[in-house]
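Quick notes on the structure that follows.
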Amino acid sequence: MSISYQVLGKPSEDNALLVHIDSGQKIDHLLFDCGEKCLKNVPVGTVQKIDHLFFSHLHMDHIAGFDSFFRINYNRNTRLNHIWGPPQTARIIQHRFQGFMWNLHESMSCPWIVSDIYPQEYISYRYELKEAFSVSHHIQTSQYQEKLFETNNYEISVLTLDHRTPSLAYLIREKPSSNIDIQKLKALGLESGPWLKEFKELKEGYVVSSSGTSYSFKELRKSLLIETPGDSIAYLTDFLADKQTIKKLTGFLNNCQTIVCEAHYRNSDIELAMRNYHSTTGLTASIASKANVKKLVLIHISDRYDLGQYREILNEAKEIFPSSCFSKEWKL
Ligand SMILES: [Zn+2]
Ligand SMILES: [Zn+2]
């Protein structure tokens, strides 16, 4: 079980995040935002495998690369096409779907699901390629409390932030995995075998050791299973980092391994940050510090700063949160 990620887009250009969650049996690929040129260096085969596309919000710099994603996947039937975002995502994405001439696709069945996420519910709509995406089919309204959905391997939570429009922070947490302590197994005189697979899940059952001692599955689970916490990563960008938001994020991101977060403005430009509902290097670093995260990756630096200032920008963050860095893809 592991999570790996790539920050997409260059310094001072549009950024996005591609996350890979490897369960050992399968890999899930999640894309967060899709700004201009963000998919430029992502192989087509990887884009075809993206399971979910999540938008923080729909300002141009976060959706301008959507056509590249859609061009590759518009008729994809190998997996569900699911897009998530704040309120009005369905309306805006439907316009994007309809921004092309569709006159050869009446026989092709390919549904797209788009979900508008509100603070405690999300509303999902279905669009069909064969209908040239002309109809917005309401399919369901679902309630949630922070946790948007879960799979066998991970869960994804969401928090609405304020960018003078809702901007969504996403948090992925892998589920803990449990492994068998082989040393203890041997010490109890037990042989490994197919029963070990069963005993993890079966409530009742027992096994007899080489010395004739009988152990119930229940007591063995307590002594033999080592629980390893899962990895975690969060993506958050474009938000006003006022006191109330910092407090909310401290709880939401608590103990997260990695957060990938905007630092659009330098500390000296805090007035601009407040006016434009953005964060600063210092505020972002203090969120990482208060939430006790392991690592902070700074993204979405304003193009008002040239590359020569990036070292100072990083130092501003490191003064508050030493485990701050830029993406290795940026090669700075
Ligand atoms: Zn924005
Ligand atoms: Zn932005």
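Under our numbering, the first residue of the sequence shown is numbered 10, with each subsequent residue one higher.
We put the beta carbon where it would ideally sit given N, CA and C, even for glycine.
Query                                                                                                                                                         : Result
Tell me the residue span of the alpha helix (DSSP H) that contains Ala282.                                                                                    : 279-284
Please confirm whether any heavy atom of ligand 2 lies closer than 7 Å to the CB of Asp278.                                                                   : no
What's the C-alpha gap between Thr259 and Ala300?                                                                                                             : 4 Å
I'd like the span of the alpha helix (DSSP H) that includes Arg230, first residue to last.                                                                    : 226-233
Whole-angstrom Cβ separation of Tyr286 and Asp171, contact assumed at under 8 Å?                                                                              : 6 Å
Any chance you could list the alpha helix (DSSP H) runs of at least 4 consecutive residues sitting entirely within the segment 41-73, in chain order?         : 53-56, 69-72
What residue does the alpha helix (DSSP H) around Gln103 start on, and which one ends it?                                                                     : 98-106
Roughly how many angstroms separate the alpha carbons of Phe63 and Thr237, rounded to a whole number?                                                         : 28 Å
Taking one C-beta from the segment 161-177 and one from the segment 240-249 each time, how about it: are there three or more such pairs within less than 8 Å? : yes
For ligand 1, is there a heavy atom less than 7 Å away from the beta-carbon of Asp23?                                                                         : no
Thinking just about the alpha-carbon of each residue, which of Val51, Lys46, Pro20, Glu45 is nearest to the one in Leu27?                                     : Val51
Contact check, Lys49 vs Asp23 under 8 Å by CB: the rounded distance?                                                                                          : That belief does not hold up - the Cβ atoms of Lys49 and Asp23 are roughly 10 Å apart, past 8 Å.
What's the C-alpha gap between His146 and Glu137?                                                                                                             : 9 Å
Check whether the Cβ of Glu91 sits closer than 7 Å to any heavy atom of ligand 1, and report yes or no.                                                       : Before going on, a small fix: residue 91 reads as His here, not Glu. Checking the Cβ of His91 against ligand 1 gives no.
Pick helix, strand or coil for Lys337, following the three-state DSSP scheme.                                                                                 : helix
Quick one: what's got a C-beta closer than 6 Å to Tyr319's C-beta in the same chain, skipping five residues either side?                                      : Leu341
Just the C-alpha distance for Ile329 and Gly291, rounded to the nearest angstrom, thanks.                                                                     : 7 Å
Can you tell me whether Asp70 sits near ligand 2, meaning its C-beta is under 7 Å from at least one heavy atom of the ligand?                                 : yes
In terms of DSSP beta bridges, what is Arg182 paired with?                                                                                                    : Glu164, Ser241
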